[in-house]
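The opening residue of the sequence shown carries number 141 in the working numbering; numbering runs sequentially from there.
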Amino acid sequence: MAQSSEPTYYSLLGLHPSASVIDIRRAYRQLSKRYHPDTTELPAAVATAKFQQLNEAYATLSHPERRLSYDLKIGYSRFGVIQSPADLNHPVSRSHDFSKSAYLDASDRPLSSGEIFALFMLVLTFVGCLLLAIAIGLTRGDTALQTHLEQPNLSVQQNSELRIENSEF
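#1: Between which two residues does the alpha helix (DSSP H) holding Glu181 run?
#2: Locate the alpha helix (DSSP H) running through Arg166, then write down its first and last residues.
#3: By Cβ distance below 6 Å, which residues in the same chain neighbour Leu201 in space, the five residues on each side in sequence not counted?
#4: Does the beta-carbon of Leu270 have 16 or more other beta-carbons within 10 angstroms, so that it is buried, or is it exposed?
#5: Would you kindly check if the distance between the Cβ of Ala187 and the Cβ of Tyr175 is under 8 Å?
#6: Nearest to Tyr198 by CA position, among Gly215, Gly154, Gly254, is which residue?
#7: Cβ of Ala199 versus every heavy atom of the ligand MN: is any distance shorter than 7 Å?
#8: Got a sec? Which residues, its chain only, sit under 7 Å from Leu152 by beta carbon, not counting five neighbours each side?
#9: In or out: Phe191 buried (at least 16 other Cβ within 10 Å) or exposed?
#10: If you reduce the DSSP assignment to three classes, tell me which class Met141 lands in.
#11: Among the residues of its own chain, which have a CB less than 8 Å from the CB of Lys173, if the five just before and after it don't count?
#12: Which word fits Leu272, buried or exposed, when buried means at least 16 other C-beta atoms lie within 10 angstroms of its C-beta?
#13: So what's Leu270 in DSSP terms, helix, strand or just coil?
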């Protein structure tokens with residue numbers, strides 16, 4: 141990272157350059173409440189300057205293209221570079237908390253209570269429909285089958301009656 145006397149946007153927000161979008165938003169909201177000129181106990185000039193710095197930092201870091209160019213400017217790269225471990229006899233431990241990442245796959249996180257409720261309702265509806273279909277099949281199945289079989293017989297009888305009536309004329 142480039143060393144300068146001016147703090148980086150990440151240090152203004154109290155974050156590491158690898159912070160997620162959610163972490164950036166959370167830090168900005170907390171600090172903006174602290175430094176907003178209307179809500180702070182700091183002198184108005186100091187609060188306004190701090191608040192403007194926070195707004196500038198958030199505007200840059202919340203926009204993906206601006207953040208990428210800013211990261212390149214300060215010398216931070218998001219792309220991991222493969223490096224050999226310092227001691228080849230000891231494996232490198234990878235302890236990264238993926239629960240804090242903004243880009244979680246649906247299978248990498250627990251279901252929320254709303255999602256669990258929606259799944260429960262789907263299963264309940266499916267089982268209810270299945271039971272209803274079975275109940276209708278058991279109670280009306282014979283009746284429906286008999287009605288369906290009797291109708292062709294009626295049409296045969298009606299056709300023969302029509303033939304008889306036509307032959308009488």
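Here a beta-carbon is modelled for each residue, glycine too, at the ideal position from N, C-alpha and C.
Let me spell this out:
#1: According to the DSSP assignment, Glu181 belongs to no alpha helix (DSSP H), since it is labelled neither H nor E.
#2: Where Arg166 is concerned, the enclosing alpha helix (DSSP H) stretches over 161-175.
#3: Leaving aside the five residues that flank Leu201 on each side, the residues in its chain whose CB is nearer than 6 Å to its CB run, in chain order, Tyr149, Ile164, Arg207.
#4: Residue burial is scored here from C-beta neighbours: Leu270 has fewer than 16 other C-beta atoms within 10 angstroms and is therefore classed as exposed.
#5: Yes, Cβ-Cβ distance for Tyr175 and Ala187 is below 8 Å.
#6: Taking only the C-alpha atoms, the option nearest Tyr198 is Gly154.
#7: Only the bare structure without any ligand can be found here, which leaves the ligand MN out of the picture.
#8: Once the five neighbours on either side are set aside, the close Cβ partners of Leu152 are Gln193, Leu194, Ala197.
#9: Burial call: buried.
#10: Low per-residue confidence applies at Met141: pLDDT is 47, beneath 50, and the placement is therefore not dependable enough to give any value.
#11: Excluding sequence positions up to five before and after Lys173, its CB lies within less than 8 Å of the CB of Thr179, all in the same chain and listed in chain order.
#12: Looking at its Cβ environment, which holds fewer than 16 other Cβ atoms inside 10 Å, Leu272 is exposed.
#13: Looking at Leu270 - three-state DSSP - the assignment turns out to be helix.
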